[in-house]
Amino acid sequence: MKLDFGDALNLALREEMRRDPRVYCIGEDIVLGLPFGVTKGLIDEFGPDRVLNAPISEAAIVGSAFGAAVTGLVPVVDMHFADFVTCAMDEVANQIAKSRYMFGGQLDCPLTLRMPYGIGKSGGGHHSNSVEAWFVNLPGLKVAIPSTPADARGLLKTAIRDPDPVLVFEHRALYRVVGDVPEAEVLVPLGAADVKRPGRDVTVIATARMVHESLEAARRLAEEGVEVEVVDPRSLVPLDRETLAASVRRTHRVVVAEEGVMRGSAGAWLAWVVMEDSFDELDAPIARVAAPNVPIPFSPPLESFVMPAADDVIAAVRHVLK
Amino acid sequence: MKLDFGDALNLALREEMRRDPRVYCIGEDIVLGLPFGVTKGLIDEFGPDRVLNAPISEAAIVGSAFGAAVTGLVPVVDMHFADFVTCAMDEVANQIAKSRYMFGGQLDCPLTLRMPYGIGKSGGGHHSNSVEAWFVNLPGLKVAIPSTPADARGLLKTAIRDPDPVLVFEHRALYRVVGDVPEAEVLVPLGAADVKRPGRDVTVIATARMVHESLEAARRLAEEGVEVEVVDPRSLVPLDRETLAASVRRTHRVVVAEEGVMRGSAGAWLAWVVMEDSFDELDAPIARVAAPNVPIPFSPPLESFVMPAADDVIAAVRHVLK
Amino acid sequence: MSAPGPELMVEMYAAMLRVRLFEERARELFQRGRIPGFLHTSVGQEAVAVGVAAALRTDDYVLSTHRGHGHLVAKGGSLRGLMAELYGKANGICHGKGGTMHIADVSVGYLGANGVLASGCVVAPGVGLSIKQRRSGQVVVTFFGDGAANRGPFHEGVNLSALWTLPVVFVCENNRWASSTAHTRSTAGGSIAARAAGYGIPGESVDGNDVVAVWDAVMRAVERARRGDGPSLIEAHTIRWVGHFEGDPQAYRGKDEVDEGRRRDPIARLERVLTEHGRLDAAHAARIRESVVAEIEDAVAHAEASPLPRGEDALNDLFAYYPWAD
Amino acid sequence: MSAPGPELMVEMYAAMLRVRLFEERARELFQRGRIPGFLHTSVGQEAVAVGVAAALRTDDYVLSTHRGHGHLVAKGGSLRGLMAELYGKANGICHGKGGTMHIADVSVGYLGANGVLASGCVVAPGVGLSIKQRRSGQVVVTFFGDGAANRGPFHEGVNLSALWTLPVVFVCENNRWASSTAHTRSTAGGSIAARAAGYGIPGESVDGNDVVAVWDAVMRAVERARRGDGPSLIEAHTIRWVGHFEGDPQAYRGKDEVDEGRRRDPIARLERVLTEHGRLDAAHAARIRESVVAEIEDAVAHAEASPLPRGEDALNDLFAYYPWAD
Ligand SMILES: Cc1ncc(C[n+]2csc(CCOP(=O)(O)OP(=O)(O)O)c2C)c(N)n1
Ligand SMILES: Cc1ncc(C[n+]2csc(CCOP(=O)(O)OP(=O)(O)O)c2C)c(N)n1
Ligand SMILES: [Mg+2]
Ligand SMILES: [Mg+2]
């Protein structure tokens, strides 16, 4: 069936809430499905005990989800905008990520944190950031980052069933992107990269919105006879290093494309992984596509300047082919 | 003169507080100089208006420092333990880092955040973390990370005089390390790496405590005739890429050594920088020394297992020489 | 309760009109696609912004919110700079980098709108500390909504300000809603003003649709702050006439609330009072409106005529000093 | 005020002694270098831990602090597991990964000490929510210090618990100091209990050196919580006899405070009451002490005899499920 990314997430929530009565959703304004429609209508099917509008108290929203997760419930937290995880950073970094380990494995923490993120529509400096790199650097968390409706549904379902905390980064610009979603309840495992387009010349490792920009770049480059392979890791933790390495063994040239800033980002980490696993396979230095090292500005020309796009991927591909 | 790292920082604070009446220190228990003695005795010289014990309110400590910095004061915040920056993450990530930019340059923010960090003495999961990678990924912040008493004093002085926010990562295990400190008030600029030991065979890029472990490794390797060059970036933002690249041009082999975890760390970023600037100079893949991807455990054998040390540097050097 | 002089009341009338018409115009421009981003306006809530600003000096500070145009207009900020910023123009007050939710105009003490709710509550004590150390006699007002009041920074900021008797005024604009969440569903105990008692500071609940009442409460809080007696908390009850953001279908509330808001229109109310007391007649009111409209149209024309920034301008303004680009 | 039965009082006496002697022994072992890390003990404050735990069922939950050994011992946690953990041994309750500040014993509902102050305040409402959804009739107590009460999570957690009438009891252990910072220098208004009113919940101040008073206040709060009437806040005033951490020179306070603490020793006090009422005689008291000492020495012997973890055990326990090591 055809569904958009947001509706696919909505379907995943419904399916998991039907399957497991311990699953509940919590966040700000989620009863009406704000801000992106993902939780829309859940209240009608599951009622106010399982679809909870919380006060503007991010620390309590996330902290309470931790408390619930370790005592028998399965919370799915809507962060509203990923930027606001800064208001619950101790809860994520010190409580959720570390407790299982520090307590010697006494507690499972089946918690999902939905992180709507990304540049778009002049959201400005407080509503546009890519913060996934911080959580890649935080042992104890799993990090998913889907690019298609089918992956979004399948990864969110897996995240909810996972006994460990999983952050799901949902790019805001993808919510209304439509794609094929299987009728069956297909789970997408964490740690399974997906080759979104095969190609023999260059591997582009891309996440979320940049998968689509990279596919667009690949289409355009194909017209010139350059065959780009687009590989979507789909989760950053765990990371399917083998699929990445296998692609590099075919192409010997790599571009890493993300929306975060250049410096210290998840893409820098991915580039390192390629280096570590495939140094001897590389025929050229890796190129990276990322935003420049500034906050995300408001005005449309500024915003589009910092927002990486297909053109940037094309330029990077040409660069590694030189 | 000989001073330990903590006393060198104390001296820097005194000098800057004498020089500029707008400078004040704020933090928890800093009047008595807790927890590491850095602010000890300041109260006697500068009094309670300039050495402020705050309640346990990290968001208000850091947030208020921002408010003071943009209206005429020059705060030096003691984070107590860098781990607790999670309790003030919005203040650092969204207010301090972004305001100058978002406001089109209307406000300077001369704020220094002192970040005591690092593994040691069984501090356990909530008092031992290396969080510098998050801030390297946050445009709008400068990040210093000294390894010697002289650098600590010189960088802290520079940080305080800088019109922009600077985080200074002070490794807990270094506070009682003694070194030469110039009599004169020497400033160490941000963005100036320092070759702590010259060598022709391998470049080890190391930060903070790992500089000392790398020097120890270099001493031991020298006995076998392997000459290691130890380069200390001293600040991660700005980063002195040229000094790093120059060293690689001499040695053609690189190890990056840090205390943070492997995944998504500042060291991963440094490794990428070397790749980008010096790919063609490299005769071997870069090796990295870092902690494994777990929180920092309590028990001494577990703690030493995760804590990178000279032996790990030696192994990495041997690896890149193979 | 003290009363403002007649001139001040007329000024407040004009200021409320300036806020109202500026935001109505901005809404229209937004709907026509001239203004990008999200737009949160304060239509109906003008008495709070104006009552506060009228009690302040130009060099007093304001920390604002995501719904901050009114605070800035009332504080005397440049309409040209503000409108050009809403348009995302290069000569906007923030060079187009901030936009509606991150505007500052430091020249009038407006230290910034904020996209993160309640963040100003912890910034305010630092501004207060700076005022105190500099002995400048200024005060700082921090605005926040009824929803934002439930975030931790409220607690930390009020406690610190009270502890150190800092010249801070906490102004909660309680417009009954945090986006789609009713005040009653977010605030245990129901009263934000009542929370002041726990910190040993005055907490006052005022009719936020009565500009004189707001002005009076803020005047007392400001005097207290300038005297060195520390912070106060004011909860101003008001009603927003429009959606949470421009385009909000407002499925969460009925029309009756907006009707109530319109019946209690703060501008019409002050106009009545002034007219009854012979301080304003139709001709004078018309002149005021005319001049306000002219100011706004000038700002719109300026914004329309202004150039957009070039893409690469995105790289400026990050640091005051940076040795090189890495 | 209700009174506990004589058996319970004797049990509380024994429990306080267990906490006291356990921690005194731990201090000694720490000073002798047997226990690594920082050590925060609650010597002198035992009536709070024990008064709370005595009002709880085994399946009720506790969220603790950096100063949490007493809470765990009082809740019935395994002394062997705890002592072995303090030693960092492989068979410590957390396999040596947690240590003093991050111990949990889920089997008795003890959901964890915490190295980050006040964090439990926001975790508690989630535990309460889980209890409510599961209709299990449990309650959750979250402990925090007078210093921690000034962090944002206090505000967010109390508000949410009150709003959703969750079965949570907030217990502030006010021992007058947050490390070197006096309660009076950190808490505007002076009373933490008084802050409850702002959330519309009961706030009570009790003598934290009187185990019966603590027990009574907590009993009422727990009954209220189990009835479904929501949270309460209890501020228990007590005195720590020892340094903030082991080795603290305590330059910030005089000896008189510790003397006051010793005069008001909660254990001696209950012993007097029990003796006066003929519920305890010297022989009985000696038997109790003997058996407590035996338990503790058993735990010490167990810890001493236990193996340290192997370094590579550091890689276990991170995830319940992980497909591979990357
Ligand atoms: C920390 C944070 N959480 C959530 C949001 C998203 N958000 C923006 S406005 C809003 C409602 C705010 O309500 P209130 O504080 O009452 O102010 P009002 O909009 O009514 O003026 C929400 C939830 C945000 N901007 N910041
Ligand atoms: C968020 C946070 N800030 C600071 C610290 C450092 N610290 C540990 S204990 C302590 C004092 C705590 O005082 P209080 O809450 O009164 O508890 P007490 O130690 O008196 O039991 C401080 C500042 C911390 N652990 N966590
Ligand atoms: Mg509101
Ligand atoms: Mg205390």
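Chains as they are written, first to last, in our numbering: chain A, 314 to 635; chain B, 314 to 635; chain C, 3 to 328; chain D, 3 to 328.
Think of the CB as a built atom: it goes at the ideal place given N, C-alpha and C, for glycine as much as any other residue.
If you follow the alpha helix (DSSP H) that residue i is in, where does it begin and where does it stop?
{"i": "B:N323", "result": "F318 to R332"}
{"i": "B:D625", "result": "A623 to L634"}
{"i": "D:V216", "result": "V213 to R229"}
{"i": "D:K257", "result": "K257 to R265"}
{"i": "B:K509", "result": "Not the alpha helix (DSSP H): B:K509 falls in the beta strand (DSSP E), residues D507 to R510."}
{"i": "D:C174", "result": "Run containing D:C174: none in the alpha helix (DSSP H); it sits in the beta strand (DSSP E), V170 to N176."}
{"i": "A:L528", "result": "R522 to A535"}
{"i": "C:A301", "result": "A284 to A307"}
By Cβ distance, which residues of its chain are closer than 7 Å to residue i, with the 5 residues on each side in sequence left out?
{"i": "C:R216", "result": "Checking the sequence, you will find Val at residue 216 of chain C rather than Arg. Answer for C:V216: A49, V50, G53, V54, V208, G210 and A238, listed in chain order."}
{"i": "B:A506", "result": "V544, D545, P546, R547, D553, T556 and L557"}
{"i": "A:T471", "result": "L500, V501, P502 and L503"}
CB-CB under 6 Å to residue i, same chain, minus the five flanking residues each way: which ones, in chain order?
{"i": "C:A120", "result": "F146, A150, R153, P155 and F156"}
{"i": "D:L65", "result": "L113, G122, V125, A126 and T144"}
{"i": "C:R197", "result": "none"}
With 9 Å set as the bound, which would you pick, yes or no: does the beta-carbon of residue i sit closer than that to a beta-carbon of chain C?
{"i": "A:E341", "result": "yes"}
{"i": "D:P169", "result": "no"}
{"i": "B:N450", "result": "no"}
{"i": "A:R576", "result": "yes"}
Answer yes or no: the CB of residue i versus the heavy atoms of ligand 5, is any distance below 8 Å?
{"i": "A:A600", "result": "Looking at this structure, you won't find ligand 5 anywhere; what it does contain is ligand 1, ligand 2, ligand 3 and ligand 4."}
Would you give the residue range spanned by the beta strand (DSSP E) that residue i belongs to?
{"i": "A:M428", "result": "T425 to Y430"}
{"i": "B:Y338", "result": "The amino acid occupying residue 338 of chain B in the given sequence is Cys; Tyr does not appear at that position. Looking at the DSSP string, the run of the beta strand (DSSP E) that includes B:C338 is V336 to G340."}
{"i": "A:S548", "result": "S548 to V550"}
{"i": "A:R601", "result": "A600 to A604"}
{"i": "A:V543", "result": "V541 to D545"}
{"i": "C:F146", "result": "V142 to G147"}
{"i": "B:A570", "result": "V567 to V574"}
{"i": "A:I356", "result": "Premise fails: A:I356 lies in the alpha helix (DSSP H), L355 to F359, not in any beta strand (DSSP E)."}
On the premise that residue j lies in contact with residue i, defined as a C-beta separation below 8 Å, what is that separation, rounded to the nearest angstrom?
{"i": "D:H246", "j": "D:H71", "result": "Actually they are not in contact, since the Cβ atoms of D:H246 and D:H71 sit about 15 Å apart, beyond 8 Å."}
{"i": "C:V213", "j": "C:L272", "result": "6 Å"}
{"i": "A:V490", "j": "A:D317", "result": "6 Å"}
{"i": "A:F379", "j": "A:C338", "result": "Contact doesn't hold; Cβ gap of about 15 Å is too wide."}
{"i": "C:G39", "j": "A:F611", "result": "6 Å"}
{"i": "B:V633", "j": "B:V508", "result": "18 Å between Cβ atoms; not a contact."}
{"i": "A:D493", "j": "A:K315", "result": "6 Å"}
{"i": "A:V586", "j": "A:V567", "result": "Contact flag wrong, Cβ pair sits at about 10 Å."}
At a Cβ threshold of 9 Å, is residue i touching chain A?
{"i": "D:S234", "result": "no"}
Within the 9 Å Cβ cut-off, does residue i reach chain B?
{"i": "C:P309", "result": "no"}
{"i": "D:P325", "result": "no"}
Name the DSSP beta bridge partners of residue i, please?
{"i": "A:K455", "result": "A:V479"}
{"i": "D:S207", "result": "D:E237"}
{"i": "D:K77", "result": "DSSP output for D:K77 lists no bridge partner at all."}
{"i": "B:H638", "result": "There is no way to answer for residue 638 of chain B, as the model of chain B reaches only from 314 to 635."}
{"i": "B:A365", "result": "What sits at residue 365 of chain B in the sequence shown is Leu, not Ala. Answer is B:I339."}
{"i": "B:D493", "result": "B:K315"}
Using a Cβ-Cβ cutoff of less than 8 Å, which residues in the same chain neighbour residue i once the five nearest sequence positions on both sides are dropped?
{"i": "B:G577", "result": "A446"}
{"i": "B:V449", "result": "V456, L549, V550, A579 and W582"}
{"i": "A:R533", "result": "A623 and I627"}
Counting only beta-carbon atoms, is residue i nearer than 9 Å to chain D?
{"i": "C:D112", "result": "Just to set this straight, residue 112 of chain C is Tyr in the shown sequence, not Asp. C:Y112 does not count as touching chain D."}
{"i": "B:G366", "result": "Per the sequence presented here, residue 366 of chain B reads as Asn, with Gly not at that position. By this cut-off, B:N366 is an interface position."}
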